[in-house]
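Here's the structure, in structure tokens; my notes come after.
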Amino acid sequence: MKKVLISGGSGLVGKTLTELLKKQGVEVHWLSTRKGASAEGVTVHFWNPKSLEIEKGALQGIDTIFHLAGANVAQRWTEKNKRDIMDSRVMGTQTLYKAIAESDQKPSRFISASAVGYYPSDYEKFYTEDASPATDFLGSVVTEWEREVDRISSLGSRVVKLRIGIVLDKSGGALGQMIPAFKFGVGSPLGSGKQWMPWIHMEDLARMFIHAAKTDEMTGAYNAAAENQVRNREFGRCLAVAMRKPYFFPAVPAFALKLLLGQMAQIALMSTHISVDRMKEAGFEWKHPELIAALKDVLGK
0 MKKVLISGGS GLVGKTLTEL LKKQGVEVHW LSTRKGASAE GVTVHFWNPK SLEIEKGALQ
60 GIDTIFHLAG ANVAQRWTEK NKRDIMDSRV MGTQTLYKAI AESDQKPSRF ISASAVGYYP
120 SDYEKFYTED ASPATDFLGS VVTEWEREVD RISSLGSRVV KLRIGIVLDK SGGALGQMIP
180 AFKFGVGSPL GSGKQWMPWI HMEDLARMFI HAAKTDEMTG AYNAAAENQV RNREFGRCLA
240 VAMRKPYFFP AVPAFALKLL LGQMAQIALM STHISVDRMK EAGFEWKHPE LIAALKDVLG
300 K
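Take numbering that gives the first Met the number 0: the final residue in the sequence shown is number 300, and no numbers are missing along the way.
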């Protein structure tokens, strides 16, 4: 792996992945929807997934594509935003398919983000990668997204899909939204507090993408989370310990979350307990396997 192209490179995961790749001497290129965009130590190419457009030469010499781009799911689910969430993933992947198909030199590897929203929410089930998908909005998004990703294997690239859980990063995502309440000592469980939270440290997730690219035997879907997953109530307790804050407020009722967040409350209330055996069998070793230590590391950066 010498020269890579990242869609969504300026996002939370993309930035961490970029820094790890650069430390390994890899030449990093990004795709951006902003014309004239630039970033330190990175070559940026323009693309417009809405019109399936990508800058000529963006794939020249590229041996690996990391596909991370997609509209933020953590926004109010208006009909417009739901279309953006779906279209940004499906059309972004279609744009890359078209570019690869038209390129003289095909990338050897196509490593794509996916999400645990693929699985139906359930308090007790333990999901492996061969489980049937959910039929709700998130399940439909991930199913359509993965269908487009899978098409790329027909072009000769090895395709890997990482079904990502809750990424620990204090500057954004689910953890970033939880920190303010805990900072002021009013953190509490959400809904029943029984929902499983398949967390993963940001660094481990970026390392998984690199491991997937470097491991020729990896193909298809892999769950991307830590092995030691916990329920929401326990996650809150661990966050309170890591922040040295109290944790005694009553749970926020599900109906209150639905009033506040609308349909998006599904994200806070969904329960997904996933197996990471396939990732272990592929030889991946977690650097941050324990939640409290992982939270302390993230909060200390």
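Heads up, the beta-carbon is just placed ideally off N, CA and C, and yes, glycines get one too.
Residues of its chain near residue i, where Cβ-Cβ distance is below 8 Å and the 5 sequence neighbours each way are ignored
| i | result |
| --- | --- |
| Met278 | Met207, Tyr221, Asn222 and Ala223 |
| Asp215 | Arg157 |
| Gly56 | His44 |
| Lys14 | Gly8 |
| Asp276 | Thr127 |
| Val229 | Trp195, Met196, Trp198, Cys237 and Leu290 |
| Lys105 | Ile99, Leu154, Gly155 and Ser156 |
Exposure of residue i, with buried meaning 16 or more beta-carbon neighbours within 10 Å
| i | result |
| --- | --- |
| Ser50 | exposed |
| Asn231 | buried |
| Ala212 | buried |
| Asp103 | exposed |
| Lys22 | exposed |
| Phe65 | buried |
| Phe109 | buried |
| Glu145 | buried |
| Lys97 | exposed |
| Ala255 | exposed |
| Glu147 | buried |
| Arg162 | buried |
| Ser170 | exposed |
| Gly24 | exposed |
| Thr366 | Only positions 0 to 300 of the chain appear in the structure, and residue 366 is not among them; the question remains open. |
| Lys34 | exposed |
Residues near residue i by beta carbon distance below 6 Å, same chain, minus five either side
| i | result |
| --- | --- |
| Leu319 | There is no way to answer for residue 319, as the model of the chain reaches only from 0 to 300. |
| Val240 | Ile291 |
| Leu137 | Gly116 |
| Leu30 | Ser6, His44 and Trp46 |
| Glu54 | His44 and Phe45 |
| Leu4 | His28, Ile61 and Ile64 |
Nearest-angstrom Cβ-Cβ length linking residue i and residue j, presumed shorter than 8 Å
| i | j | result |
| --- | --- | --- |
| Thr17 | Pro48 | With a Cβ gap of about 20 Å, Thr17 and Pro48 do not count as contacting. |
| Glu202 | Lys286 | 6 Å |
| Tyr122 | Ser270 | 5 Å |
| Lys160 | Ser111 | 5 Å |
| Leu338 | Ala100 | Missing from the structure shown is residue 338; the chain here goes from 0 to 300 and no further. |
| Leu67 | Gly10 | 6 Å |
| Met85 | Glu143 | 7 Å |
| Ile165 | Trp198 | 5 Å |
| Val141 | Pro132 | 7 Å |
| Ala205 | Leu19 | 5 Å |
| Ser87 | Ala70 | 4 Å |
| Gly184 | Pro249 | Actually they do not touch by this definition, with Cβ atoms about 14 Å apart. |
| Val12 | Leu167 | 11 Å between Cβ atoms; not a contact. |
| Met0 | Thr92 | Incorrect: roughly 21 Å between the Cβ atoms, too far for contact. |
Beta-carbon proximity list for residue i, same chain, < 7 Å, skipping 5 on both sides
| i | result |
| --- | --- |
| Phe283 | Met207 and His210 |
| Leu301 | Any question about residue 301 goes unanswered here, given that the chain covers just 0 to 300. |
| Ala130 | Tyr118 |
Residue nearest to residue i in terms of C-alpha spacing, selected from the options
| i | options | result |
| --- | --- | --- |
| Asn227 | Ala133, Gly219 and Met196 | Met196 |
| Met217 | Ser107, Thr92 and Ile99 | Ser107 |
| Lys2 | Glu26, Trp198, Arg88 and Leu19 | Glu26 |
| Pro236 | Ser31, Ile199, Leu4 and Gly192 | Correcting the residue type first, residue 236 is Arg in the shown sequence and not Pro. It is Gly192. |
| Ile61 | Lys79, Trp76, Asn71 and Thr42 | Thr42 |
| Glu78 | Gln262, Asp276, Glu289 and Glu280 | Gln262 |
| Gly8 | Leu167, Ala36 and Arg243 | Ala36 |
| Tyr126 | Leu30, Lys300 and Ser274 | Ser274 |
| Phe234 | Phe254, Gln194 and Leu204 | Gln194 |
| Met242 | Trp29, Gly299, His28 and Arg75 | Gly299 |
| His272 | Ser31, Lys124, Leu30 and Thr63 | Lys124 |
| Leu258 | Asp83, Glu54 and Arg75 | Arg75 |
| Asp149 | Val89, Glu52 and Gly172 | Val89 |
Could you tell me which whole beta strand (DSSP E) segments of length 3 or greater appear in the region 143-196? For the region 143-196, whole beta strand (DSSP E) runs of length 3 or above, ordered along the chain, are 157-163 and 165-167.
Which ranges does the beta strand (DSSP E) cover as unbroken runs of at least 3 residues, wholly within the region 208-250, from first to last along the chain? The region 208-250 is shown to contain whole beta strand (DSSP E) runs of 3 or more residues at 219-223, in chain order.
Ranges of the alpha helix (DSSP H) found wholly within the region 55-131, counting only runs of at least 4: The qualifying runs are 78-101.
Fully enclosed by the region 25-54, which beta strand (DSSP E) runs are 3 residues long or longer? Those beta strand (DSSP E) runs which fall completely within the region 25-54 and span 3+ residues are 26-31 and 42-47.
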